[in-house]
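Q:
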Amino acid sequence: MGSSSKKRKEKQKDFQAQKPKLKVGKAKPKPDNFTDTSFQSKSITLNQQSLRLSAPSSNTQFTHHLSLLTSKSDTQRRESLSHLTTAITSRPVDSPIPQPVSVILPNLLPLILDASTSVRTQLLKLLRALPARDIEDHVSQMMPYIRAGMTHLAVDIRVSAVEVLAWLVEVAGDEVVSCAGGWIKTLNCFLSVLGWHTEESAKWSANRASFGKAGNQGKAMIKVLGAFGGFLDAGLSDVDRDVDVDEGVDVSSEGGESWAFPLCQTEQHMIPSASVPYAYLNLFGQPRDEEGEMYETREDRYRVFANRFMPAVQRGLENARQEGGEIGRASSGASKALKEAVASV
Amino acid sequence: MVKRKLGALEKVEADLPNLQHKVRRDPKSYVEDFRAQHYQYESHREIFMAAPTAATDTGVISLRELIDFISHVADCYPDITKDFPQQLIDMLTQHHLVLEPELREKIVGSLVLLRKKDIMDSATLLQTLFPILISTPSKTLRALLFQKILMDLRTSNSKTTNHKLNKTMQTVLFNLVTSDRTSSKGVWAVKLTRELWKRQIWTDAKTVEVMKETCLSEHEKVVTGGVRFFLGGDKEREEIEDESSDEETVDVGRVKHQVGINKKTKKKSRAIEKAKHNVKRKERKKNQPHPLNFSALHLLHDPQGFAETLFQKHLQNTKSNLKLEQKLQVLQLVTRLVGLHQLHIMPLYSYFQKYLTPRQPSVTSFLASLAQASHELVPPDVLEPLIQKIANEFVSEASASEVATAGLNAIREVCVRQPLAMNETLLQDLVMYRKSKDKGVVMASRGLLSLYRDVGADMLKRRDRGKEASMNLRSGDRKERRFGEQEIGAIEGLELLEKYKDEERRRKNIEKGLPSDAEDDGGENEEENWANWNVDDDEDSDDSGGWINVQDDDDINLSDSDDENEKKDGPPNKKPKQDENDAEKERIDTEKKMLNLATTRILTPADLAKLQELRTEAAINAQLPTKRGQNNNPASRHADDPLTAAEIEGLNALSAGKLTREEKIAHAKEGKTDRSEFKSSTAKRQERKVSEGKSTTNKEKARRKNFMMTLGKAKSKNKRSLVETRNVLKAHQDRQKRGGRRGNIGI
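If you read the sequences in order, they're chains A and B.
Residues 6 to 350 in our numbering are what the first sequence spells out, letter by letter.
Residues 3 to 749 in our numbering are what the second sequence spells out, letter by letter.
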């Protein structure tokens, strides 16, 4: 009885739904899909549309695409990045970029950790398009993102972060190694990417970079080694530095010459050319520990390096050389930089 | 390069939970991966700390996940993560206002997790969480923090009492309350202390001191919290203890048996283990000595000072902004303290003067408080005007019966505590109310009468005194208690023990064949006593185990009136003189004996156990309705129990007007459950039919037909001719044969 009565009830319901009762003297009930058409209007306004006579200026487009960088869809981010790249590269020479780098960069930096490979490659292109001189001031801002990328779980992100770092070292090597936390922390990240931290993990037979999807492992290693070489070179070799110092000396001496006779070392008393000249005082930031400290001179950096990283790096490089092949070749750059540094001390 | 073998893990997409699982299983092999993730966390933290407010969604999410991951495996790499707790603490304390809620909760949770893993200690955790608890504006965070703090305190006190931690926490709470008396932050002290008191984690005087300070706060919420604690905290504690003691009892044998039958699984074996553990714990608990938990009111230092300041600050002070309800609570606390510790606050009684009118809202509470505030050492001349005022305002023929009842009850309650406060004329006047028409008033007035038969029979009129009292009066046996007179202290129930011993000795003597009264040689008895110095388990347990001898309740005769009873008892009372003398002698004897037992012997633990048993027996016997006057005396109330307004209102319900019919029906139906499942099947079918919207049968229609409509047919039946009647009968017979109107055709 139970199920049948239930069915009957349902049937009854259906029946009622199909056929509304008509009653004498009452208006016919309205169907469910009844549309009220009794209203009248002279005009209809659709307020969601924005129509303009003039196309948006390239500047507004630029800003718009900048805001689209946080979009959810991969393609949208990639498209916006490529738009920004073309906008920067195709601008007339000597004209400034539509927005200053300080505005663009905060939007770009989280994309270093983006999950999509195409977005990251496009990002690198855009970064390369940015004027090098403007980048220098923002290195300390970029470094945490790059370091986060270098230790990311996904191998692809690690590799692209290393690529970004390589570019940054090329563009502003001095700032990279001397910014706060730029030396020790970045070296740590390198060692962890290469797997050179401990004795066991540095062996060639060890299960290196063991966790996670192995992308194209060999190539990634080569890239990392190349970037490592560049980084060491920037941090330790005294070639550039010497030139710089020499230049400095020259400049000061030249300055001494350029200024009238009684003025000497006037350069020191002029407005500094760097953007944050007293950053090393760390007046407004969090208190720094040893790792986060700034190491501004080559001697400082070498001292720290010799204390903490020398054995691990030497061991790692030796292993890499012994492995031979492309990796061995790639390691030669880093070995060279290291040898020069040791020789110069 | 040689093609490397790919591990199973490398083929799958890597994520943090996966890595966490791997790390937990083999920390040493995954140290590099962990290090990488730690660097990642460091960088994210750096990014976040540079601009906590401007953090992006993805950044926050990854930071949260990393924090979760690291806190879960932090115990595997203590050297790498040694700064981790401090970093979390910094992040939370500096930015808890701007942190994204989920991240904030994650940080709190991770800190607690680290505490559980013993990476940080309780004190640090509490020092971090507590300041945030009292300062954050977010409700959810407060709830979370409160819960976590409480949990941490409970767990750190679970095995042994962590005195150091408790002390620091109590000091923090004390300082919180005392540093700024006007702030509402003391509420947290109240909440925390109350919760811990309830769970018997904090039971010492320092806790009570904290609550005392909250009572003296200037913020009303804090004050009421503190006062409520003193008034109800102990009851709460008892309740929760009762709850926990009658937890579900697991039958180990049964569980074992089931395992024998059913499939053996890990889960089942764990269930057995758990059951065994439970039983073991219960056993251990049984053997433990009962924890001595003093009530909060007893643990107060300087109750006099406390009560005085409370009274001056919240009640006497015209500027205090407490509402009437809150004031009443404070008053309850003050009077409770006065009654319990026998304090002297003289202005308190004159304070009552103003509120003792029937028009005062919740006057019964005031009356109850007044009764609480009176005790033996209050000068009678302070209480007398109050009693006079109650009598004038409440008890008169003109006032409503509820009012009169409340007044009489209040007077009785005051006089129970200080009998000297009553004067003779007023008492005689009040006792007259037992002839009233209203039941509530009658009962209240009788209560007063029976009280004064006990404590001051000479103030009553001769015929009101009753037999016992007048006999005692005549013999000069009952002496009036003077003001401030104290009773001689004694061990409660000692006379019972003495009696028991006496009986035992007699029994033994009879067994030995000696006359029952003969004194046995003391030495043997002594020896025996020393032998069972301890409570013997094997021998004594069956005696003292579960059974308590309860008096046969043979003479239960409840009569309503005293006078009746007196009359009944009157005639056999022929030789009062001799009775008197006997009674006198006996009394003196028992007194001597009692002193004798207490002064000549050392009570062994076995004796004390027996004493306890006898006491409970006596208490249960007292509960039984044996003779009238025994069971309804208010002396069975413990001195610590508070007096409530309900007790003052007394039998008010009796004097209320009659209920209407609807009210009676509702009252009768109140406790009854739904009985629809027990309906007859016909009734059920009927109901179903109606609900399905089906039509009724002709029979049902005929049954339901209006009576007036059937009358016409019945009348016409009488007028039928013989032929018509015959036809009808024939047709009926025919129908019967056929089997109904439609005939029994077919099957």
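No residue lacks a Cβ here, since even glycine has one placed at the ideal position from N, Cα and C.
As the structure is a prediction and not an experimental result, all values here were calculated from the model.
Could you tell me whether any Cβ in chain B is nearer than 8 Å to the Cβ of A/C194?
A: Yes, A/C194 lies at the interface with chain B (some Cβ there is under 8 Å from its Cβ).
Q: Is the shortest distance between the beta-carbon of B/S73 and the beta-carbons of chain A less than 8 Å?
A: Cβ-Cβ to chain A under 8 Å: no for B/S73.
Q: Contact criterion: CB-CB distance below 8 Å. Does B/Y41 meet it with respect to chain A?
A: Output row for B/Y41: interface = yes.
Q: Hey, A/A317 and A/W201 are a contact pair by Cβ (cut 8 Å); roughly how many whole angstroms apart?
A: 5 Å between Cβ atoms; contact.
Q: Determine, for B/L17, whether the minimum Cβ-Cβ distance to residues of chain A falls below 8 Å.
A: As written in the sequence, residue 17 of chain B is Asp, which differs from the Leu given in the question. It does; some Cβ of chain A falls within 8 Å.
Q: Count the other CB atoms within 10 Å of the CB of A/T156; is the residue buried (16 or more) or exposed (fewer)?
A: Burial call: buried.
Q: Does any CB atom of chain A fall closer than 8 Å to the CB of B/G61?
A: With 8 Å as the cut-off, B/G61 counts as an interface residue toward chain A.
Q: Which residue comes first and which comes last in the alpha helix (DSSP H) that contains B/D304?
A: Neither: B/D304 is in no alpha helix (DSSP H) and is coded neither H nor E.
Q: Report all residues from its chain with a CB closer than 7 Å to the CB of B/K223; omit the five preceding and five following residues, and keep chain order.
A: If we look at B/K223 and ignore the five residues flanking it on each side, its Cβ neighbours are S186 and V189.
Q: Can B/A370 and B/T407 be called in contact, C-beta distance under 8 Å?
A: Result no, Cβ atoms of B/A370 and B/T407 do not sit closer than 8 Å.
Q: Using the Cα positions of B/I169 and B/H46, report the straight-line distance between them to the nearest angstrom.
A: Checking the displayed sequence, the identity of residue 169 of chain B turns out to be Lys instead of Ile. Using only the alpha carbons, I get a separation of about 38 Å.
Q: For the segment 201-218 of chain B against the segment 170-186 of chain B, are there 3 or more C-beta pairs whose distance is under 8 Å?
A: A contact exists between the segment 201-218 of chain B and the segment 170-186 of chain B.
Q: Roughly how many angstroms separate the alpha carbons of B/E104 and B/I49, rounded to a whole number?
A: Approximately 18 Å between the Cα atoms of the pair.
Q: Verify whether the separation of the beta carbon atoms of B/Q355 and B/K391 is less than 8 Å.
A: Yes, these two residues count as a Cβ contact at 8 Å.
Q: Which same chain residues, not among the five before or five after B/T184, have their C-beta less than 7 Å away from its C-beta?
A: Result list for B/T184: E220 and H221, in chain order.
Q: Against chain B, with Cβ distances strictly below 8 Å, would A/P115 count as a contact?
A: Answer yes: the Cβ-Cβ gap between A/P115 and chain B drops below 8 Å somewhere.
Q: Quick one: grab the DSSP three-state call for B/L731.
A: If DSSP states are grouped into helix, strand and coil, B/L731 belongs with the helices.
Q: Curious, which full-length beta strand (DSSP E) runs of at least 3 residues does the segment 125-196 of chain B contain?
A: Fully enclosed beta strand (DSSP E) runs of 3 or longer: not present.
Q: To the nearest angstrom, report how far apart B/L410 and B/A309 are at their CA atoms.
A: Computed Cα separation, rounded: 28 Å.
Q: With a threshold of 16 other CB atoms inside 10 Å of the CB of B/Q344, please say whether the residue is buried or exposed.
A: Label assigned to B/Q344: exposed.
Q: By the criterion of Cβ-Cβ separation under 7 Å, what are the contact partners of B/A38 in chain A?
A: The contacting residues are T156 and S197.
Q: Can you give me the Cβ contacts of B/A393 inside the same chain, cut-off strictly under 8 Å, excluding the 5 residues immediately before and after it?
A: Correct list, in chain order: G409, I413, L428, D431 and L432.
Q: Secondary structure at A/W188, three-state DSSP: helix, strand or coil?
A: Residue state, collapsed to three classes: coil.
Q: Where B/K268 and B/I274 are concerned, what is the direct C-alpha to C-alpha distance, given to the nearest angstrom?
A: Each residue's alpha carbon lies about 10 Å from the other.
Q: Roughly how many angstroms separate the alpha carbons of B/V110 and B/E44, rounded to a whole number?
A: Using only the alpha carbons, I get a separation of about 18 Å.
Q: What residues in the segment 322-335 of chain A bring their beta carbon closer than 9 Å to a beta carbon of chain B?
A: If the cut-off is 9 Å between Cβ atoms, the segment 322-335 of chain A has E328, G329, G330, E331 and I332 near chain B.
Q: When the Cβ atoms of the segment 672-688 of chain B are set against those of the segment 435-443 of chain B, are three or more pairs found closer than 8 Å?
A: They do not touch, by the three-pair rule.
Q: For a test of the three-state rule: what should DSSP assign to A/A335, helix, strand or coil?
A: Note: A/A335 maps to helix in three-state DSSP.
Q: Would you please state the rounded distance, in angstroms, between the beta carbons of B/C217 and B/G228? I believe it to be under 8 Å.
A: Sure, about 4 Å apart at Cβ, within 8 Å.
Q: How big is the Cα-Cα spacing for B/T95 and A/N112?
A: If you take the alpha carbons of B/T95 and A/N112, they lie about 28 Å apart.
Q: Alpha carbons only, please: which of B/S367, B/Q22 and B/K108 is nearest the one belonging to B/C78?
A: Answer by Cα proximity: B/Q22.
Q: State yes or no: is the C-beta of A/V182 within less than 8 Å of the C-beta of A/I140?
A: No, they are not a contact pair.
Q: Check whether the Cβ of B/S697 lies closer than 8 Å to any Cβ atom in chain A.
A: No, B/S697 lies away from the interface with chain A (no Cβ there is under 8 Å from its Cβ).
Q: Do A/W188 and A/V108 have their CB atoms nearer than 8 Å?
A: Their beta carbons are not under 8 Å apart, which means A/W188 does not touch A/V108 by this criterion.
Q: Any C-beta of chain B sitting closer than 8 Å to the C-beta of A/R152?
A: It does: the Cβ of A/R152 has a partner Cβ on chain B nearer than 8 Å.
Q: So the alpha helix (DSSP H) B/N720 belongs to, where does it begin and stop?
A: Start and end: F709 to N720.
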